[in-house]
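**Student:** This structure is in structure tokens; I'll ask about it shortly.
In our numbering, the protein residues as written are 9 to 436.
Given below as structure tokens:
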């Protein structure tokens, strides 16, 4: 099952201020050894940092009880990462600092966070930023490994794409679903209870409001993790039977209970439904100018900087007559958020009041300043048009085929690496 990729420029010097450390290089800082994976150490420091990162991502309190509950799954994930890292290094695959910075910026962008917010948030909770950098480096490198293993099969042939497009066209009138997944593997039947408990904990936090893309990037062991777990638009028959029977009953935005699938547990969220080939939608092309605050907002006593930002936003709101003007204003304000959020389907915009505002806003007219705790936004609709978004393009179908192959190869290769590995667990 399978992903849909959509990963501002991040401040590279900030993101890369901490170097990437191989397990062997970290040995001098170890508070003890948790596991040894083919000679590479997973230290207690590694476990402590990752537990705090997990807890912060999921919105869990950082208490000893929570840390203890997280430990088994954190150790397992770190062991798997060591195996992946060793394979990346064996194949001499290099992941650049810019690629890591772009991936972290993508996480921030998908969750409406200003550039650099991830580092500040982690540091403020006592989590080393290197922990996130190391994790993202392995995720990117692992994708490269899979593409290398697939070789010529990585790119579907025109005939394969054409056949899949014809099959999709034959389903015109059927329903398909936009699905995202968090996959928690179960490699040892004796540990299935631990995995289920861990999965249930994640679901509790998702239902309490934790952002699915951020949680997926941290917890999912699927190849879709960095893309927020997106599987794209799929029909029920393209899903595992356990999930296929569930998805049609789910309302948009719902979070499933743990679903037992081959190899582990899946957590599913439904992002949308549409009729294949017959899904008319209102597509908006939007630009925004974001004026960030440098401190926390107290609406009853705004700071001088916040008042100045409001005045800047008001001037832009009154003077901007084109989307180019909004882009220029966003650049002048520092590009803390991208000026273009991409094409937006009006019917999927929430809350309803915001959807109604975008529906009635004349093209080329700026909104009034909209204040949030992080800053002020002025938006403009550049175009509004009806499109049939239910028709799949050959490019989209090629991406779906590739995602299927990458995911299948990922799970197969991890089974092989675990089978061949020499893993010594300490304290068990």
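Using N, Cα and C, we set each Cβ at its ideal position, and we do this for glycine too.
Quantities reported herein were computed from a predicted structural model and do not represent experimental measurements.
Which parts of the segment 357–394 are runs of the alpha helix (DSSP H), unbroken and 4 residues or longer, counting only runs that do not cross its ends?
**Tutor:** DSSP runs (the alpha helix (DSSP H)) wholly in the segment 357–394: 360–368.
**Student:** Kindly indicate the opening and closing residues of the alpha helix (DSSP H) around residue 48.
**Tutor:** From DSSP, residue 48 is part of no alpha helix (DSSP H) but of the beta strand (DSSP E) over 48–51.
**Student:** Per DSSP, residue 241 forms a beta bridge with which residues?
**Tutor:** According to DSSP, which records beta bridges pairwise, residue 241 is partnered with 186.
**Student:** Which of the three DSSP states, helix, strand or coil, is assigned to residue 68?
**Tutor:** Of the three classes helix, strand and coil, the one that applies to residue 68 here is coil, per DSSP.
**Student:** Over what stretch of residues does the beta strand (DSSP E) that includes residue 229 continue unbroken?
**Tutor:** Segment: none, residue 229 is in no beta strand (DSSP E) and carries neither H nor E.
**Student:** Using a Cβ cut-off of 8 Å (strictly closer), state whether residue 365 contacts chain C.
**Tutor:** This model lacks chain C altogether; it includes just one protein chain.
**Student:** Tell me whether the beta-carbon of residue 386 lies closer than 8 Å to the beta-carbon of residue 324.
**Tutor:** Contact flag set, yes.
**Student:** Touch check for the segment 404–416 and the segment 161–176: three-plus C-beta pairs under 8 Å?
**Tutor:** Yes, they touch.
**Student:** Going straight from the alpha carbon of residue 61 to that of residue 130, what length do you get?
**Tutor:** When rounded, the distance between both Cα atoms is 7 Å.
**Student:** Closest to residue 248 by C-alpha separation, out of 57, 260 and 276, would be which residue?
**Tutor:** Out of 57, 260 and 276, 276 has the C-alpha closest to the C-alpha of residue 248.
**Student:** Would you grab the beta carbon distance between residue 341 and residue 304 for me? Rounded to a whole angstrom, and I think it's under 8 Å.
**Tutor:** No, residue 341 and residue 304 are not in contact; Cβ-Cβ is about 19 Å, not under 8 Å.
**Student:** Any idea what DSSP makes of residue 158, helix, strand or coil?
**Tutor:** Correct three-state label for residue 158: helix.
**Student:** Counting only runs of 4+ residues fully inside the segment 96–147, write out the alpha helix (DSSP H) ranges in chain order.
**Tutor:** For the segment 96–147, whole alpha helix (DSSP H) runs of length 4 or above, ordered along the chain, are 105–118 and 125–132.
**Student:** Please go through the same chain and pick out, in chain order, the residues whose beta-carbon is closer than 8 Å to the beta-carbon of residue 158, but skip the five residues on each side of it.
**Tutor:** Correct list, in chain order: 413, 414 and 417.
**Student:** Among 344, 326 and 392, which one has its Cα closest to the Cα of residue 302?
**Tutor:** The shortest Cα separation from residue 302 among 344, 326 and 392 belongs to 344.
**Student:** Can you have a look at residue 395 and say buried or exposed, based on whether 16 or more other CB atoms are within 10 angstroms of its CB?
**Tutor:** Label assigned to residue 395: exposed.
**Student:** How would you label residue 9, buried or exposed, when you count the other beta carbons within 10 angstroms and need 16 or more for buried?
**Tutor:** Confidence is the limiting factor: at residue 9 the pLDDT is only 38, short of 50, which leaves the residue's position unreliable, though a coordinate-based value still follows. Label assigned to residue 9: buried.
**Student:** Which term fits residue 362, buried or exposed, when burial requires 16 or more other beta carbons within 10 angstroms of its beta carbon?
**Tutor:** That one is exposed.
**Student:** For residue 274, does the three-state DSSP call read helix, strand or coil?
**Tutor:** Strand at residue 274.
**Student:** Measuring straight from C-alpha to C-alpha, what distance separates residue 199 and residue 366?
**Tutor:** If I take the Cα positions, the gap works out to 49 Å.
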